[in-house]
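J.: What the sequence shown shows, in the numbering used here, is residues 35 to 240, in sequence order.
Idealized CB from N, CA, C, for every residue including glycine.
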Amino acid sequence: MNLIFLGPPGSGKGTLAMYLVEKAGIPQISTGDMLRAHRAKGTALGLEAQSYMDKGELVPDSVIIGMVEERLAQDDCKNGYILDGFPRTLAQAHALEKIAEIDMVVSLVLDNEVIVRRLSGRRVCPDCNGTFHISLLEDEKKCPACGGQLIQRVDDSEATIRNRLKVYEDQTAPLIVYYREKGLLREIDSSGSVEDNRRELDKVLK
Ligand code: AMP
Numbered sequence: 035m036n037l038i039f040l041g042p043p044g045s046g047k048g049t050l051a052m053y054l055v056e057k058a059g060i061p062q063i064s065t066g067d068m069l070r071a072h073r074a075k076g077t078a079l080g081l082e083a084q085s086y087m088d089k090g091e092l093v094p095d096s097v098i099i100g101m102v103e104e105r106l107a108q109d110d111c112k113n114g115y116i117l118d119g120f121p122r123t124l125a126q127a128h129a130l131e132k133i134a135e136i137d138m139v140v141s142l143v144l145d146n147e148v149i150v151r152r153l154s155g156r157r158v159c160p161d162c163n164g165t166f167h168i169s170l171l172e173d174e175k176k177c178p179a180c181g182g183q184l185i186q187r188v189d190d191s192e193a194t195i196r197n198r199l200k201v202y203e204d205q206t207a208p209l210i211v212y213y214r215e216k217g218l219l220r221e222i223d224s225s226g227s228v229e230d231n232r233r234e235l236d237k238v239l240k
C-alpha cells in the first residue's frame, strides 16, 4: 500500500507514520528527516536546503523530487511506503504521479493555535529520533527513551512555526482539493491523543 500523510507541520504525521511502520512493516519516507540527515552529513544538498529550512520555507521542488525518486527506487519500497511531508506542492504531486501509484491520502486536520502550542513545546532527540512535548518531560534536556540530549529544532520557534503554517496554507493545502477530486482523500481529526489518532487511522485503513 502506497500512502501519503498530508497535514500541516505539527499535526502528528510523523508519530502516526511510525505507528504504521511497526504495524504494516512498510517504510516511512520523511523528506524532512532526509533533509536533516543531509545537513548533518554536510552534503551539497544539505547545504542548499539549510537556509530554506531554517526560515520555514520550502526547499525547491527540483531538489526534493530528485531525492524522493531515488529513495522510492530502493528495494524496501517495493511492498509499499508512507510518504510523510511529501508532496508539498502541486509540482511535487505531478512528479509523484509519474513514478508511483498512490492508494490513499490521509489528511490530518488540526487547529493552527493547537499546532503552535504543540510545536513550540516540541523537543527532539538527535540520537534516537524520538519526539516529546515539554509538558510530559521530567527533564527538558534528557531523552526519556535513550538518555540522549534533547534539542529544540531551529524551525520550531514561534515566528518560524507561523511562517510554516502560512507556507502550508499557500502551497500545500491545494493538494487536499487535488486528492479529494481524485477520490483518494481520507480525513482524520488529529486533535486527540496519540491513541485516538491511531484509532482514527485504523478506521480509515479498514
Ligand atoms: P518537516 O520535518 O516535514 O516539517 O520538514 C522540515 C522542513 O524541510 C520544511 O519546513 C521544509 O523547509 C523542508 N521540506 C521537507 N519536506 C519538503 C518538501 N516535500 N518540499 C519542500 N521542502 C520540504
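1. Does at least one heavy atom of the ligand AMP sit under 6 Å from the Cβ of VAL93?
2. The ligand AMP and ILE185: does any heavy atom of the ligand fall closer than 6 Å to the residue's C-beta?
3. Is the Cβ-Cβ distance between ASP137 and ASN231 less than 7 Å?
4. If we ignore side chains and look at the alpha-carbon of each, how far apart do GLY164 and VAL158 end up?
5. Report the rounded CA-to-CA distance for PRO160 versus GLY182, giving the unit in angstroms.
6. Measuring CB atoms only, is the segment 117-126 touching the segment 78-91, in the sense that at least three cross pairs come out at less than 8 Å?
7. The alpha helix (DSSP H) that contains ARG70, what's its start and end?
8. Could you check whether SER224 and SER45 sit closer than 7 Å to each other, using their CB atoms as the reference points?
9. With ASP118 as the anchor, note down where its beta strand (DSSP E) starts and where it stops.
10. Measuring only from the beta carbon, is PRO43 closer than 6 Å to any heavy atom that is part of the ligand AMP?
11. Sorry if obvious, but does the Cβ on MET35 come closer than 6 Å to a heavy atom of the ligand AMP?
T.: Quick look at the numbers:
1. Translated into positions along the sequence shown, residue 93 becomes position 59. Set against 6 Å, the gap from the CB of VAL93 to the closest heavy atom of the ligand AMP is smaller.
2. Within the sequence shown, residue 185 is the residue found at index 151, counting from 1. No; taking the cut-off as 6 Å, the Cβ of ILE185 has no heavy atom of the ligand AMP nearer than that.
3. As a position in the sequence shown, residue 137 is number 103, starting the count at 1. As a position in the sequence shown, residue 231 is number 197, starting the count at 1. No, Cβ-Cβ distance for ASP137 and ASN231 is not below 7 Å.
4. Stepping through the sequence shown from its first residue, residue 164 is reached at position 130. Stepping through the sequence shown from its first residue, residue 158 is reached at position 124. If you take the alpha carbons of GLY164 and VAL158, they lie about 6 Å apart.
5. On the sequence shown, residue 160 is found 126 positions in, with the first residue counted as 1. On the sequence shown, residue 182 is found 148 positions in, with the first residue counted as 1. Those two C-alpha atoms are separated by around 8 Å.
6. no
7. For the purposes of this step, residue 70 is identified with residue 36 of the sequence shown, where counting begins at 1. For ARG70, the enclosing alpha helix (DSSP H) covers residues 65-75.
8. The residue given as residue 45 occupies position 11 in the sequence shown. The residue given as residue 224 occupies position 190 in the sequence shown. Yes; because the gap between Cβ atoms is below 7 Å, this pair is in contact.
9. Position 84 of the sequence shown, counting from 1, holds the residue named residue 118. Element bounds for ASP118: 115-118.
10. Working through the sequence shown from its first residue, we reach residue 43 at position 9. Yes - the ligand AMP has a heavy atom lying nearer than 6 Å to the Cβ of PRO43.
11. Numbered from its first residue, the sequence shown carries residue 35 at position 1. The answer is no for MET35.
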